[in-house]
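See below for the structure under consideration.
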Amino acid sequence: MIPNRGKCRKLEVLISQLPGVMKFRSFHERHPNLYNFLSNKTGLNITHMEEAARFQIFFSILNNFGYPLPEWAHQVFPEPLTLVRAYALSLPTFYTDMQRLKTGPLLRDLVMHIQSYLAGNESRFLYLYSGHDVDLTGLMRALGYTAPLVPNSCDAVILELVKDLVGDYYVRGFYRQFDSSELHAMSIHGCDYLCPLKDFFRLISSYTSSVPHNTFFRLILSYSLSSTIHS
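Numbering-wise, the sequence shown is residues 16 to 246 according to my numbering.
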């Protein structure tokens with residue numbers, strides 16, 4: 016399990032600076048009354064993106080199970096609330112430094128297990144990391160996906176180490192959605208479908224090379240291991 020509640024002062028400072036970023040300012044300029052609208056309709060005091068994003072989750076669950084939504088909900092769902100949630104999920108990993116702090120420990124652990132396997136010191140063939148939607152979003156962003164992402168519960172990213180006939184190693188990625196058994200091939204940082212292992216290590220090195228090992232245990236308090244991470 017990868018909790019997303021670990022405290023990191025540097026990450027908190029970086030997140031606090033994001034409301035001034037043009038991307039978020041322009042969103043608020045396009046939807047100046049969204050928080051007031053939600054506050055008036057619910058009786059709650061909605062003042063920031065994360066609070067508004069919870070309504071997207073709530074309405075999505077109702078919608079998926081066939082329950083009717085309040086009439087007023089159709090004015091804000093699916094949009095702009097889906098975009099609000101996508102932005103909210105991207106907050107902890109918006110910049111490379113933030114991805115290094117939030118997702119770097121996970122990627123570093125993955126690299127360590129691959130290296131251990133190649134050295135003949137790894138007895139396990141599968142490592143499972145269970146996290147939240149924000150963890151899966153952070154991983155996707157670190158793998159090169161910059162478009163707004165809104166993972167569903169039980170969506171999964173699968174990273175697989177494979178070897179060709181001449182003995183060269185590659186990493187390939189798949190995305191599995193919660194309502195389908197079909198695997199969708201992923202491109203990692205613009206790599207081909209099969210990303211050479213040395214290129215994979217190089218592409219994620221900015222997130223892993225400067226992460227102290229004890230950071231993993233400070234930010235990620237407990238975990239069960241796998242090459243699959245799901246929300």
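Backbone N, C-alpha and C fix where the C-beta goes; we use that ideal spot for every residue, glycine too.
Using a Cβ-Cβ cut-off of 6 Å (strictly less than) and excluding sequence neighbours within five positions of residue i, which residues of its own chain qualify?
| i | result |
| --- | --- |
| Ala-68 | Val-99, Arg-100 and Ala-103 |
| Asp-115 | One detail in the question is off: residue 115 reads as Arg in this sequence, not Asp. Once the five neighbours on either side are set aside, the close Cβ partners of Arg-115 are Tyr-222. |
| Met-155 | Leu-164 |
Am I right that residue i and residue j are in contact with their C-beta atoms under 8 Å? What's the rounded C-beta distance?
| i | j | result |
| --- | --- | --- |
| Glu-139 | Ala-171 | At residue 139 the sequence reads Arg, which differs from the Glu that was named. That pair is no contact at about 18 Å. |
| Val-165 | Pro-107 | In fact, because the Cβ distance is near 15 Å, the residues do not count as touching under 8 Å. |
| Leu-59 | Phe-74 | Going by Cβ atoms, the distance from Leu-59 to Phe-74 rounds to 15 Å, so no, they are not a contact pair. |
| Phe-70 | Leu-49 | 10 Å between Cβ atoms; not a contact. |
| Leu-198 | Ile-219 | Actually they are not in contact, since the Cβ atoms of Leu-198 and Ile-219 sit about 21 Å apart, beyond 8 Å. |
Keeping to the same chain, check which residues put their C-beta closer than 7 Å to that of residue i; ignore five residues upstream and five downstream.
| i | result |
| --- | --- |
| Asn-65 | Reading off the sequence, residue 65 comes out as Glu, not Asn. Around Glu-65: Ala-103. |
| Gly-153 | Pro-107, Thr-108, Gln-114, Lys-117 and Thr-118 |
| Ile-30 | Leu-106 and Pro-107 |
| Pro-47 | none |
| Asn-167 | Gln-192 and Phe-193 |
For residue i and residue j, I'd like the C-alpha separation in whole angstroms.
| i | j | result |
| --- | --- | --- |
| Glu-137 | Leu-176 | 13 Å |
| His-128 | Leu-121 | 11 Å |
| Phe-80 | Val-91 | 19 Å |
| Lys-25 | Leu-96 | 28 Å |
| Tyr-3 | Ile-76 | There is no way to answer for residue 3, as the model of the chain reaches only from 16 to 246. |
| Pro-211 | Phe-42 | 38 Å |
| Leu-180 | Tyr-142 | 24 Å |
| Tyr-144 | Lys-56 | 38 Å |
| Leu-234 | Asn-78 | Note that Leu-234 scores 37 on pLDDT, short of 50, meaning its location in the model is unreliable and no value can be drawn from it. |
| Tyr-110 | Val-28 | 12 Å |
| Ile-72 | Asp-112 | 28 Å |
| Glu-44 | Pro-93 | 19 Å |
| His-228 | Glu-86 | Reliability fails at His-228, whose pLDDT of 47 lies under 50, so the model's placement of it is uncertain and no value is given. |
| Arg-201 | Leu-151 | The sequence shown places Met at residue 201, rather than the Arg named in the question. Distance between the alpha carbons of Met-201 and Leu-151 is about 14 Å. |
| Pro-163 | Val-126 | 26 Å |
| Thr-62 | Arg-40 | 14 Å |
| Ala-134 | Lys-178 | 15 Å |
| Asn-51 | Ser-195 | 37 Å |
With hydrogens ignored, establish whether the beta-carbon of residue i is closer than 7 Å to any heavy atom of the ligand ZN.
| i | result |
| --- | --- |
| Arg-217 | Of ligands this structure carries none, so the ligand ZN is not represented either. |
Only counting the same chain, and skipping five residues up and downstream in sequence, which positions put a Cβ closer than 8 Å to that of residue i?
| i | result |
| --- | --- |
| His-89 | none |
| Ser-131 | Glu-137 |
Between the region 201-212 and the region 155-166, do at least 3 Cβ pairs fall closer than 8 Å? Touching, per the Cβ criterion.
At least 3 beta-carbon pairs within less than 8 Å: the region 181-188 vs the region 208-217: Taking 8 Å as the limit for Cβ pairs, the verdict is that the region 208-217 does touch the region 181-188.
Could you pull out every unbroken beta strand (DSSP E) segment of at least 3 residues lying fully inside the region 84-131, listed in chain order? Counting whole runs of 3 or more residues, the region 84-131 contains no beta strand (DSSP E) stretch at all.
Could you tell me which whole alpha helix (DSSP H) segments of length 4 or greater appear in the region 126-191? With a minimum length of 4 residues, the continuous alpha helix (DSSP H) runs that stay inside the region 126-191 are 148-157.
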